[in-house]
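In our numbering, the protein residues as written are 36 to 192. Accompanying notes for the structure given below.
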Amino acid sequence: MAAPTSSYDAWMRLALDEAVLAARADDVPVGAVVLDPDGRVIGRGHNAREAEGDPTGHAEVRALRAAAAAQGRWRLTGCTLVVTLEPCTMCAGALVLARVSRLVYGAEDPKAGAVGSLWDVVRDRRLNHRPEVVGGVLGEECGEALRAFFRTHRDVR
């Protein structure tokens, strides 16, 4: 599985670009990309729960669906999921079930994170797959995008 030569920053910037699309659509700014084993983007996604009225419209789920469609198979072995926010239980479960080999995330989610903050779904030894996890990549920048969004949206919804 290919990795960027110096860091995961460039990949996270692609996910941040997706997060901007979510914010423009008045949704929580979370973005994700899926990379194939050679480091090519094969799936992109951003939160679209509001736009689509879909409770499963999380960035990770949408990116995983796009990657599976691009690959023509649901198993994403060898692939990397890069996401701006620590995945929730649904998204952590989805990436485990999709057999994603590596998860890279930006900001921690102390309220709903399932990669160590509240739960640790991806490292649960009872499951049949456990991806490599790299957390905190551009974490401050990813977190600031979320804080800025909520500063303008508190009391609105």
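For every residue, glycine included, the Cβ atom is placed at its ideal position computed from N, Cα and C.
Ordered along the chain, which non-local residues of its own chain (more than five positions away) have a Cβ less than 8 Å from that of V169? Y43, R137, L138, V139 and Y140
Going by DSSP, what residue range makes up the beta strand (DSSP E) through R79? V76 to H81
In chain order, which continuous runs of the beta strand (DSSP E) of length 3 or greater are located wholly inside the region 85-159? If only complete runs of 3 or more residues are kept, the region 85-159 shows the beta strand (DSSP E) at 115-120 and 137-142, in order along the chain.
Candidates A105, V156 and D144: which alpha carbon is nearest L130's? V156
In the DSSP assignment, find the unbroken beta strand (DSSP E) run with G66 in it and report its ends. Unbroken beta strand (DSSP E) run through G66: G66 to L70.
Alpha-carbon to alpha-carbon, E167 and R134: Each residue's Cα considered, the two are about 11 Å apart.
Rounded straight-line distance, which links the Cα of L99 to that of T187: 29 Å
Closest by C-alpha distance to A54, when choosing among H81, A142 and T124: H81
On the DSSP bridge list, what partners appear for V169? In the DSSP output, where bridge partners are listed per residue, V169 has V139.
Determine the closest residue to V178 out of H164, R165, A142 and G171, with distance taken between C-alpha atoms. The residue you asked about is not Val; residue 178 is Gly in the sequence shown. Cα-wise, what sits closest to G178 is A142.
Tell me which same chain residues have a C-beta within less than 7 Å of the C-beta of R165, skipping the five on either side of it? V157 and R158
Compute the beta-carbon to beta-carbon distance between A101 and R79, rounded to the nearest angstrom, for a pair I have assumed lies under 8 Å. 6 Å
Pick helix, strand or coil for L162, following the three-state DSSP scheme. coil
Can you tell me which of the three DSSP states V63 falls into? coil
Buried versus exposed call for D9 [16 or more other C-beta atoms within 10 Å across all chains shown]: The requested residue 9 does not occur in the structure, where the chain is confined to residues 36 to 192.
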